[in-house]
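Residue numbers (UniProt numbering): 1 to 216.
Where is the CB? At the ideal position from N, CA and C, for every residue including glycine.
Notes for the one structure printed next.
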Amino acid sequence: MMIIELNQRQETILQIVKDNGPITGEQIAEKLSLTRATLRPDLAILSMAGFLDARPRVGYFYTGKTGAQLLTERVKKLTVKQYQSVPVVVNESASVYDAICTIYLEDVGTLFVINGDSHLVGVLSRKDLLRASMGKQNLESVPVSIIMTRMPNITMCHEGDLLFEAANKLINKQIDGLPVVRDVEINGNIKYEVIGRITKTNMTKALVQIALDDFH
Numbered sequence: 001m002m003i004i005e006l007n008q009r010q011e012t013i014l015q016i017v018k019d020n021g022p023i024t025g026e027q028i029a030e031k032l033s034l035t036r037a038t039l040r041p042d043l044a045i046l047s048m049a050g051f052l053d054a055r056p057r058v059g060y061f062y063t064g065k066t067g068a069q070l071l072t073e074r075v076k077k078l079t080v081k082q083y084q085s086v087p088v089v090v091n092e093s094a095s096v097y098d099a100i101c102t103i104y105l106e107d108v109g110t111l112f113v114i115n116g117d118s119h120l121v122g123v124l125s126r127k128d129l130l131r132a133s134m135g136k137q138n139l140e141s142v143p144v145s146i147i148m149t150r151m152p153n154i155t156m157c158h159e160g161d162l163l164f165e166a167a168n169k170l171i172n173k174q175i176d177g178l179p180v181v182r183d184v185e186i187n188g189n190i191k192y193e194v195i196g197r198i199t200k201t202n203m204t205k206a207l208v209q210i211a212l213d214d215f216h
């Protein structure tokens, strides 16, 4: 569903349906002195955009939703899968020095730490690495497992989760990114495979895309 700027005829059709609905396409065409075929594209656009609904043998009726309400509905339907990006991971045996190099070379705010079975075991933020680098220890000899945030204190999301719910987690936890995971059952225990990431940048891209869709 895309929120659009209606033209004059579409606005007129919308008003006719508001005042007379339910009303058939033929009746709308008659009021405008146009053919049903001429009106068909406009009725299709209004229906797809969510302003109108149609019922067989009944006709068109106004949904009562404003453009803002339709936009809100659209946002609430967006999923993590639509906007997730490729995750950047490091092994739990990697050194803090290696993690610092990775986070800057990949230009990300968060690294996801996996074990030898490629299952999520921790998360590293820029703050974690900065804090570790302020000490006098040899960063090449300190494994990331020493400084990472461990399970079960990791906030995650799944591909099917709603995007606004993931955004709410970022805000509430005051973090830069979430691992997008797939549940893997092993011997009755649930492990997590990292398949993506959702960040504040992903949220911004979603907002820009919605604005561009509406503009066009």
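{"query": "Nearest-angstrom Cα separation, counted from residue 174 out to residue 220", "result": "For the chain, the structure presents residues 1 to 216; residue 220 sits outside this window and is missing."}
{"query": "Euclidean distance between Cα positions of residue 170 and residue 94", "result": "26 Å"}
{"query": "Secondary structure, beta strand (DSSP E): runs of 3+ residues fully inside the UniProt domain \"HTH deoR-type\" (6-70)", "result": "52-55, 59-62"}
{"query": "Residues near residue 176 in its chain [Cβ-Cβ closer than 7 Å; skip 5 each side]", "result": "109, 110, 125, 199, 200"}
{"query": "DSSP state of residue 128 mapped onto helix, strand, coil", "result": "helix"}
{"query": "Inter-stretch contact (C-beta, 8 Å, three-pair minimum) for the region 31-48 and the region 81-94", "result": "no"}
{"query": "Option nearest residue 107 by Cα separation, candidates 99, 27, 113", "result": "99"}
{"query": "Burial state of residue 104 (16 or more Cβ within 10 Å)", "result": "exposed"}
{"query": "Limits of the beta strand (DSSP E) - the one that residue 190 falls within", "result": "189-199"}
{"query": "Buried or exposed (CB count within 10 angstroms, at least 16 for buried), residue 153", "result": "exposed"}
{"query": "Residue 3 - DSSP class collapsed to helix/strand/coil", "result": "Here the model assigns residue 3 a pLDDT of 48, short of 50, so the residue's position is not dependable, and the following value carries that caveat. Note: residue 3 maps to coil in three-state DSSP."}
{"query": "CA nearest to the CA of residue 9, picked from 23, 193, 31, 20", "result": "31"}
{"query": "Opposing strand residues paired with residue 122 [DSSP bridges]", "result": "113, 150"}
{"query": "Inter-residue spacing [alpha-carbon to alpha-carbon] between residue 44 and residue 188", "result": "50 Å"}
{"query": "Those residues which DSSP pairs with residue 102 across a bridge", "result": "According to DSSP, which records beta bridges pairwise, residue 102 is partnered with nothing at all."}
{"query": "Whether residue 122 touches residue 145 by CB criterion (8 Å)", "result": "yes"}
{"query": "Residue 135 burial status per 10 Å Cβ neighbour count (16 or more: buried)", "result": "exposed"}
{"query": "Residue 157 vs residue 184 beta-carbon contact at 8 Å", "result": "no"}
{"query": "Whole-angstrom distance between residue 159 and residue 194, CA atom to CA atom", "result": "11 Å"}
{"query": "Outcome for residue 41 when other beta-carbon atoms lying within 10 angstroms are tallied against a minimum of 16", "result": "exposed"}
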